[in-house]
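Each residue of the sequence shown is one higher than the one before, starting from -16 at the first, in the numbering used here.
Note that CB positions come from ideal geometry on N, CA and C, so glycine has one too.
Keep in mind the model is a prediction, meaning the values are calculated, not measured.
Take a look at the structure set out below.
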Amino acid sequence: MRFGLTIAGSDSGAGAGVQEDLKTFTMLGVYCATVITSITAQNTFEVAEVFNLPANVVSAQIDSVMRDFPITYGKTGMLGNTEIVEAVCSKVDEYGLKLVVDPVMVSKSGARLLSEDAVKTLRDRLLPRALLATPNIPEASILSGITIRSWDDMEEAADRILSSGCGYVVIKGGHLDGERVRDLFCSTSTRRWFEYRRVHTKNNHGAGCTLSSAVAAELAKGNPPLQAYAKARRFLQRALEKSLNIGRGHGPLNPMYSLQGFRWEE
C-alpha cells in the first residue's frame, strides 16, 4: 500500500479541493489521508461561503494521520490564512513531509481563497520547505514579482521561485494564448519544456488540484520528480479531455475517466 496526504479545503461541489484530491490519489493507486483546512460552500459557478478552520485543528489533523500512517509525500491546496500556512510549515519540519505545493489563491469563479497577507507567508515560509511547487501563470507572477507574458518570462519567474529554496517548480502555461500549452519544469540543474494540445472546454474546475495530487501520488509510488510530473501531466490531459459537462458554470475534470459510468461523451 502506498500512502499520500492532502492538506486542502473542502469543495461542496466536489470538483476541486480535498474531494478532487481523493479521486485522483485513488485512481492512481495511492491511499490518501486528508487534512481539511477550510470549508467552502461552492458549486460550479460560485463560492458562496468560506470558513477557515482554526490552525490548531489543522495541526491536530496532521498529527493524527502522521501518527498512524507511513506518509512521506503529500500536497497542499487551499490554505486560507497565515495561521494555517504557519501551522503547515511547523508540521513539515516536525515530520519531514515532502510536499507538492499548489499555491491556490483564487477560485475558478474569482473568489479569494488565500488572504493577501498569507501570500507572503506562503512565499517566504512554505515555498522553501516545498519539494515541488505547481503555480499557474497568475500565481507564478505573484510569487516571482514578474508579469508573465511569454515563455521567456516563465523561465525568469521559475528561477526566482527556485531561489526561495523550493526544490522543483512547474509553471503551468495554460493562461498564455495558443493551441499548444507549454509547461515548464525546472530545478537548479534541470530545465524541461512539456507541450500538450489545448483542450477547449469550460469544464476545467479542479485542474490544479488534479495535477498536484497526481504528482504527489506518483512521488509516493517511487517516481523521481521529473518522471512524477510527466506521468501526472498525461493523467491531467486525459482528465481534461473527458471532463464532465455538469452544473451551470465550470464543470469539473474527470480523474475517474477510466471507470464505467464516469465517461462523458460530448
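The beta strand (DSSP E) that contains residue i, what's its start and end?
| i | result |
| --- | --- |
| residue 21 | 13 to 25 |
| residue 154 | 151 to 154 |
| residue 57 | 56 to 59 |
| residue 146 | Counting along the chain, residue 146 falls outside any beta strand (DSSP E), and DSSP gives it neither H nor E. |
| residue 81 | 81 to 84 |
| residue 32 | 30 to 35 |
| residue -9 | -15 to -6 |
Between the C-alpha atoms of residue i and residue j, what's the straight-line distance to the nearest angstrom?
| i | j | result |
| --- | --- | --- |
| residue 139 | residue 133 | 10 Å |
| residue 4 | residue 218 | 13 Å |
| residue 106 | residue 198 | 20 Å |
| residue 45 | residue 61 | 15 Å |
| residue 91 | residue -2 | 11 Å |
| residue 216 | residue 94 | 26 Å |
| residue 193 | residue 75 | 22 Å |
| residue 202 | residue 116 | 13 Å |
| residue 43 | residue 57 | 16 Å |
| residue 225 | residue 190 | 12 Å |
| residue 131 | residue 184 | 23 Å |
| residue 66 | residue 73 | 11 Å |
| residue 104 | residue 151 | 19 Å |
| residue 236 | residue 188 | 6 Å |
| residue 11 | residue 200 | 7 Å |
| residue 53 | residue 8 | 16 Å |
| residue 245 | residue 220 | 16 Å |
| residue 231 | residue 222 | 19 Å |
According to the Cβ coordinates, are residue i and residue j closer than 8 Å?
| i | j | result |
| --- | --- | --- |
| residue 289 | residue 82 | Nothing about residue 289 can be reported from this structure: the residues present for the chain run from -16 to 249 only. |
| residue 148 | residue 110 | yes |
| residue 21 | residue 36 | yes |
| residue 27 | residue 234 | yes |
| residue 181 | residue 163 | yes |
| residue 144 | residue 127 | yes |
| residue 13 | residue 204 | yes |
What do you get for residue i, buried or exposed, if any count of 16 or more other CB atoms within 10 angstroms of its CB means buried?
| i | result |
| --- | --- |
| residue 70 | buried |
| residue 243 | exposed |
| residue -16 | exposed |
| residue 241 | exposed |
| residue 112 | buried |
| residue 32 | exposed |
| residue 178 | exposed |
| residue -6 | buried |
| residue 39 | exposed |
| residue 168 | buried |
For the alpha helix (DSSP H) holding residue i, just list the boundary residues, first then last.
| i | result |
| --- | --- |
| residue 195 | 190 to 203 |
| residue 217 | 208 to 224 |
| residue 125 | 120 to 127 |
| residue 5 | 0 to 10 |
| residue 170 | Taken as a continuous stretch (DSSP letters only), residue 170 belongs to no alpha helix (DSSP H), as it is neither H nor E. |
| residue 45 | 38 to 49 |
| residue 78 | 65 to 78 |
| residue 104 | 99 to 104 |
Would residue i count as contacting chain D if we go by Cβ distances under 8 Å?
| i | result |
| --- | --- |
| residue 63 | As a matter of chain content, chain D is missing from the structure shown, which is built from one protein chain. |
Any chance the stretch -16 to -3 sits against the stretch 13 to 25, with 3 or more Cβ pairs inside 8 Å? They touch, by the three-pair rule.
Does the stretch 70 to 90 come close enough to the stretch 107 to 123 to have 3 or more Cβ pairs within less than 8 Å? Result yes; three or more Cβ-Cβ pairs closer than 8 Å.
With three or more beta-carbon pairs closer than 8 Å as the criterion, would you say the stretch 204 to 217 touches the stretch 95 to 105? Touching, no.
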